[in-house]
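A short worksheet on the structure shown next.
Residue numbers (the working numbering): -3 to 126.
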């Protein structure tokens, strides 16, 4: 490392307090933001000041994806629980309490905001994908 500068890009959790919590690598961030459904969930969570029920996140995603129905809501809830939520918690972006079924951002909103803006602007160029 020359001049004390690391060339390895990382996004640090500003809430880690220097306790050795690993940084989120660019690859992990790109993977987390590679799904429109995860982007919608993160966007919704970033707008909430506290933990919310996973069902509320599923309802929001169903509305955002259009033509919500109870069956669609249930499919999205299952997909979030079994697929997307584990990926987001593994990376350290989201915290989930299985007892209360509450979900929240695990990092400061300011960390994910630029990525959400970038993902939103790229959708207008590339078009949506699910």
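We put the beta carbon where it would ideally sit given N, CA and C, even for glycine.
- Sequence-distant partners of residue 72 (beyond 5 residues in either direction) whose C-beta falls short of 7 Å from its own C-beta, in its chain, are 54, 57 and 58.
- In the DSSP assignment, residue 93 falls within the unbroken beta strand (DSSP E) covering 90 to 93.
- Under the DSSP assignment, residue 76 falls outside any alpha helix (DSSP H); it carries neither an H nor an E label.
- For residue 85, the enclosing alpha helix (DSSP H) covers residues 81 to 87.
- Put simply, the backbone Cα of residue 97 is about 15 Å away from that of residue 84.
- Assigned with DSSP and collapsed to three states, residue 64 falls in coil, not helix or strand.
- Between the C-alpha atoms of residue 64 and residue 101 there is a straight-line separation of about 25 Å.
- Taken through DSSP and simplified to helix, strand or coil, residue 45 comes out as coil.
- Between residue 87 and residue 28, the C-beta spacing is below 8 Å.
- Under the 8 Å Cβ criterion, the stretch 24 to 39 counts as touching the stretch 74 to 83, having at least three qualifying pairs.
- Counting along the chain, the unbroken beta strand (DSSP E) around residue 100 starts and ends at 98 to 101.
- Take the alpha-carbon of residue 49 and the one of residue 93: they are about 10 Å apart.
- By the C-beta density criterion, residue 114 is exposed, having fewer than 16 other C-beta atoms within 10 angstroms.
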